[in-house]
Amino acid sequence: MSAERAHTGRRRNEEARRDVLDAALRLLAEADGAAVSVDAIAKEAGVGKQTLYRWWPSKGAVLLDALTERAETAAPVPDSGALGDDLRAVVAATFAGAQRPPVAPALRTLVREAAHDPHLAELMREFTGARRAALRTVLERGRERGELTADCDLDLMVDQVYGVFWYRFLLGHAPLGEAEAARLADSLMAQGR
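Under the numbering used here, think of the first position of the sequence shown as 852, with each following residue one higher.
What follows is the structure, given as structure tokens:
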């Protein structure tokens, strides 16, 4: 008899997983996060509620999983050889990607829920940490090419991008368009020289 035992439980079906993630984002886009429950997500996806809890510990974890996948494909790390171009591209992609339905209402819901859920708050830190690391990579490449001074504070530059993003995204007091992304990138370039 083999030391390895065949898997006897049901394996997570990738199609059902995609259905759940798509359903969660779709429902949040329609309700702006307010009235979406795990029951509603399960019903919309055509799976049982117990299936969601077997795969994810909470509604927030479902949303974060969906957003993480979208963020990885929506905001690549450019490497054109010119920091200004790369920085403008990544900031513009970040601003645009977060504002598209169904991402925007899902992201706002996650921020609200993370304020009351320590586990989700940690997941959000991981999610934003990955986005910060991608932007920092762009800045590091520019510094290696001599486009930024050796002593410029890259973490502060990253904080400036995400500080502007979160402030405007959550309060909605000013636009987050391509022109604003370009101005912010140009300002960072000037400060890093």
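Beta carbons are placed, not taken as given, at the ideal position from N, Cα and C, and that holds for glycine.
Point to revise | Beta-carbon proximity list for residue 875, same chain, < 6 Å, skipping 5 on both sides | key: Correct list, in chain order: 892, 913, 914 and 917.
Check your understanding: Any chance the region 978-992 sits against the region 1021-1028, with 3 or more Cβ pairs inside 8 Å?
Key -> Not touching, per the Cβ criterion.
**Study point:** residue 878 - containing alpha helix (DSSP H), residue span
**Key:** Counting along the chain, the alpha helix (DSSP H) containing residue 878 begins and ends at 865-882.
Practice item. Determine the DSSP secondary structure at residue 857, reduced to helix, strand or coil. Key: Residue placement at residue 857 is flagged as unreliable, the pLDDT there being 44, under the threshold of 50; the coordinate-derived value follows with that caveat. In this structure, residue 857 counts as coil in the three-state DSSP scheme.
Exercise for review: Taking all protein chains shown into account, decide if residue 853 is buried (16 or more other Cβ within 10 angstroms of its Cβ) or exposed.
Suggested key: Per-residue confidence for residue 853 stands at a pLDDT of 43, beneath the threshold of 50, marking its modelled position as unreliable; the derived number appears in the next sentence. Exposed, by the Cβ-count rule.
Practice item. Determine contact between the region 968-983 and the region 1009-1022, defined as no fewer than three beta-carbon pairs at a distance below 8 Å. Key: The answer is yes - the region 1009-1022 touches the region 968-983, with three or more Cβ pairs under 8 Å.
Practice item. Would you identify the three-state DSSP class for residue 1035, choosing helix, strand or coil? Key: Three-state result, residue 1035: helix.
Check your understanding: Terminal residues of the continuous alpha helix (DSSP H) containing residue 998?
Key -> Boundaries cannot be given for residue 998, as no alpha helix (DSSP H) includes it and DSSP labels it neither H nor E.
Check your understanding: Three or more beta-carbon pairs under 8 Å between the region 892-901 and the region 948-968, yes or no?
Key -> Judged by Cβ distances under 8 Å, the region 892-901 makes no contact with the region 948-968, as fewer than three pairs qualify.
Exercise for review: Might you give, ordered along the chain, the residues of its own chain that have their beta carbon closer than 8 Å to the beta carbon of residue 967, omitting 5 neighbours on each side?
Suggested key: In its own chain, leaving out the 5 sequence neighbours on each side, no residue places its CB closer than 8 Å to the CB of residue 967.
Practice item. Over the uninterrupted alpha helix (DSSP H) stretch that includes residue 1006, give me the two end residues. Key: That run of the alpha helix (DSSP H) goes 1005-1022.
**Study point:** Contact check, residue 965 vs residue 1032, beta carbons under 7 Å
**Key:** Result no, Cβ atoms of residue 965 and residue 1032 do not sit closer than 7 Å.
Exercise for review: Report yes if the C-beta of residue 965 is less than 6 Å from at least one heavy atom of the ligand ATP; otherwise report no.
Suggested key: Among the components of this structure there are no ligands whatsoever, and the ligand ATP is therefore not found.
**Study point:** Three-way DSSP call (helix, strand, coil) for residue 967 in this model
**Key:** DSSP places residue 967 in coil when its eight states are reduced to three.
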